[in-house]
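Everything on this sheet refers to the single structure shown next.
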Amino acid sequence: MIKITLPDGSSRDVESGTTPAQIAAEIGPGLAKAALAARIDGEVRDIMRPLEADTELALITSRDEADALELARHDYAHVLAEAVQALWPGTQITFGPATDDGFYYDVMAPESRAPFSMDDLPAIEEKMREIISADKPLIREAWSRADLIKRWQDGGEAFKAEWAAELPDGEELTVYWSGEPGSDGAWMDMCRGPHLASTGKLDPKAFKLTRVAGAYWRGDQKNAQLTRIYGTGWLNKKQLNAHLHMLEEAAKRDHRKLGQEMDLFHLQHEAQGSVFWHPKGYMIWRELEAYMRRKMDGAGYNEIKTPQLMDVRQWTQSGHWGKYAENMFAVPDMVPDVESEEEAVAPKVADDADWMAIKPMNCPAHVLVFKQGIKSYRDLPVRLGEMGCCHRNEPHGALHGLMRVRQFTQDDAHIFCTEDQVVDEVRAFCRLADSVYQDFGFTYHVKLALRPEQRFGSEEDWDKAEQELRDAVAEAGMDNDDYGWEELPGEGAFYAPKLEWHLTDAIGRTWQVGTIQGDRVLPERLDASYVGEDGGRHRPVMLHRAIFGSYERFIGILIEHFAGRMPCWLAPVQAVVATITSEADGYAGEVEAKLKAAGIRVEADLRNEKINFKVREHSLAKVPHLLVVGGREAEEGTVAIRTLGSQGQRIMPVEEAIAMLKDEATPPDLRN
RNA sequence: GCUGCUGUAGCUCAGUGGUAGAGCGCGUCAUUGGUAAUGACGAGGCCGGGAGUUCGACUCUCCCCAGCAGCACCA
């Protein structure tokens, strides 16, 4: 007999070999039906897998959403692979895990047919529904490595065979059958599990195959290219629909689409990955920049401006040229030869030309500013800020609208401080970042990215650097679930651990923006020092930090977060005065002038168009306030205000409207 | 960078081996209207770039470039 302890503290004694499903049945028929899997001593396991020792057991039902989703998605992936092989025998299967919103499976089409495409998805979906409807039991079996390899080799499954041969020794190798093992139509995959009890536990209406894409065997570019079939999978149709709706919403908010519609910016291939900001888009930038200047000035930073181009020798010394040269833009330091009559397609570069490189980051330049003159411990902390324009030669395939660009401007700063000041500085930064994100209405998670495998610096330095960041977050009161506090092993930069701020936007997506990193490597490499109390030279710690990350990306996030409807203080045009008939033109001009004098970004729309048309246009342009004026308003000295997102209008005297708009147009940090 | 798809008017897109079309936008004219599209007429295109096949290529083939999706990358 073995002893099973349940979550409510009760326990029962059962025969060894009893399954969680049987225990569920003993507790009640309702639970037996609802139970999807079991948590055994904290580990999720199949509900049909026999128990062999004393354990703590908790049954997982669809109420345990995270676990249930993970199980269902993993099962969908298996059903997907089974369906593909049923439809096209000879297809090789590889891996198929759950993802954040569904699942995928990497497969290789047989030679007899072309790689899978979107056109194949409906047939695969149909077959998957059949498999689900058949309610095939999912049965776990342990196999020997030799049997497994033979099985895969016999089946022509080269990828699986390769993987089976490399699975670590000592791990039990398991397969899952879909259908009674060996029976007609039974299918199997090598898998660690766990799985649901049968395919029928899945909802045939709660998944959808979404796309196909190329992926490499084991994620390595050198390996064979497979076809990855993606699906989104949920526990029920309602969840699926909600998710599909979110995707539609995200497509509507796409900053690239809105950027064009709202005339904010454009990209063109003569300057790929670099943004052409139009007047309206740059107005958002200017407001953000002014805001951030006020914030940083108020927090004791000093703003500087450093060179775009520096001698490659400088980048060699900082270590960037050795490690990141392939992502840097370099230019020869030479006068081009213009003698030639030919058009200078490719200027000749002399063999002995010196090379300069455009900065991919601001830190080395900031160290050089810090190093000017002699710094005393009394001068520290030194906080140097820069709206630093950087260039990184990102791979073509990585570029994406404003989110991933080659030229970007960071709200960058470096804090040079003593060892004793690190925690205080990091804590102050946590508070500063918090106030900024709150001003934009974002919630966020704070994460600590710990030392990566490849890194500079001693273990003691890393221990210390990680602990400092932890302590600072604790002191700021953010090391808890409210702030999504989490530590991410192996995710840090090669020179420092980093705190990361992940914003959650209006439709639930997350974006990593802010960061602070405690760096002891660069001050060493560039020989930065200060004179301590003892009269000796000491290394400052260098904190790299940013709150927006980059203006480009942050504006992209804001556009998507607000779906283009920027809060009034950021809106490029805050109000439009629109006339109903031309007899109100004069009055509209007066109203416009008054609003301008009050500092409101206003335009007058005197076009010979119907008011319906004007309302529609300015609503689509997402102008926060529309001030409609006709004969009545002109006579009474009023305006009829229609606010974006509301249906009706309010008639009020011009002065009142100005006061209201002025208030709304005040940046959040200047209120009260 | 890799794989796949796409590239036609300012925008969104249709189209055919015989040098192109729609809607919106733009211009002109008429219309002066009360809160999400007034009507008529008109002007816009080297059909991404290069090479090839062909009597003839926007259309077929190849190469290049860019965009999109995914992968890889993201100091």
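If you read the first sequence in this note's numbering, its first letter stands for residue 20, the second for the next number, and so on.
Each residue gets a CB set at the ideal place from its N, CA and C atoms; glycine is no exception.
| Item | Value |
| --- | --- |
| Across the segment 68–84 and the segment 135–151, are there enough close Cβ pairs to call them in contact, namely three or more that are closer than 8 Å? | no |
| If you draw a straight line from the C-alpha of Met353 to the C-alpha of Asp370, how long is it? | 11 Å |
| Exposed or buried, which one is His563 when buried takes at least 16 other CB atoms within 10 Å? | buried |
| Could you pull out every unbroken beta strand (DSSP E) segment of at least 3 residues lying fully inside the segment 67–119, listed in chain order? | 74–79 |
| By a C-beta neighbour count over all protein chains shown, 10 Å radius and 16 as the cutoff for buried, is Gln666 buried or exposed? | exposed |
| Beta carbon of Leu663, beta carbon of Ile619: below 9 Å? | no |
| Got a sec, what are the start and stop residues for the alpha helix (DSSP H) Trp340 sits in? | 339–343 |
| For Val33, does the three-state DSSP call read helix, strand or coil? | strand |
| Could you give the distance in angstroms between the alpha-carbon of Ala590 and the alpha-carbon of Thr600? | 27 Å |
| Following the continuous alpha helix (DSSP H) through Val610, name the residue where it begins and the one where it ends. | 604–616 |
| Measuring alpha carbon to alpha carbon, tell me which residue in Pro643, Asn242, Ala607 is nearest Glu655. | Ala607 |
| DSSP on Pro48, reduced to helix/strand/coil? | helix |
| In whole angstroms, give me the CA-to-CA distance for Ala128 and Leu167. | 22 Å |
| For the alpha helix (DSSP H) containing Pro383, name the first residue and the last one. | 382–390 |
| Distance, Cα to Cα, Ile467 vs Tyr502? | Ile is not the amino acid found at residue 467; the sequence shown has Leu there. Going from the Cα of Leu467 to the Cα of Tyr502 covers about 12 Å. |
| Could you give the DSSP three-state label for Trp504: helix, strand or coil? | coil |
| Might you give, ordered along the chain, the residues of its own chain that have their beta carbon closer than 8 Å to the beta carbon of Thr110, omitting 5 neighbours on each side? | Val103, Gln104, Val126, Met127, Ala128, Pro129 |
| Asp373: which of Arg332, Tyr343, Arg397, Gln336 sits nearest, CA to CA? | Arg332 |
| In three-state DSSP terms, what is Ile323? | coil |
| If you count every other CB in all the chains shown that lies within 10 Å of the CB of Lys314, and 16 or more means buried, which is it? | buried |
| Indicate whether Leu518 and Phe461 have their beta-carbon atoms separated by less than 9 Å. | no |
| Taking contact to mean 3 or more Cβ pairs, one atom from each stretch, closer than 8 Å, check whether the segment 535–543 and the segment 474–492 are in contact. | yes |
| How close, in whole Å, do the beta carbons of Glu622 and Val595 come, if the pair is a contact with beta carbons under 8 Å? | 5 Å |
| Applying the 10 Å Cβ sphere with the 16-neighbour rule, what's the burial state of His274? | buried |
| Give the list of continuous beta strand (DSSP E) stretches no shorter than 3 residues that lie fully inside the segment 205–264. | 206–209, 226–235, 244–252 |
| In this structure, what does DSSP give as the bridge partners for Glu413? | Bridge partners of Glu413: none, in fact. |
| DSSP three-state call for Arg435: helix, strand or coil? | It is worth fixing the name first, because residue 435 is Phe in this sequence and not Arg. Of the three classes helix, strand and coil, the one that applies to Phe435 here is strand, per DSSP. |
| Take the Cβ of Ala678 as the centre, count every other Cβ of all protein chains shown within 10 Å, and call the residue buried at 16 or more, exposed below. | exposed |
| Which term fits Val368, buried or exposed, when burial requires 16 or more other beta carbons within 10 angstroms of its beta carbon? | exposed |
| So, helix, strand or coil for Cys408, using DSSP? | strand |
| With DSSP collapsed to three states, give me the class of Gly317. | helix |
| Residues in its own chain within less than 6 Å of Gln426 by CB, not counting five upstream and five downstream? | Ser293, His410 |
| Excluding the 5 residues flanking Ala447 on each side, which residues of the same chain have their C-beta closer than 8 Å to its C-beta? | Ala318 |
| To the nearest angstrom, how far is it from the Cα of Leu387 to the Cα of Ser548? | 11 Å |
| Candidates Gly575, Arg556, His557: which alpha carbon is nearest Trp530's? | Gly575 |
| Going by other Cβ atoms of all chains shown within 10 Å of its Cβ, with 16 needed for buried, is Gly189 buried or exposed? | exposed |
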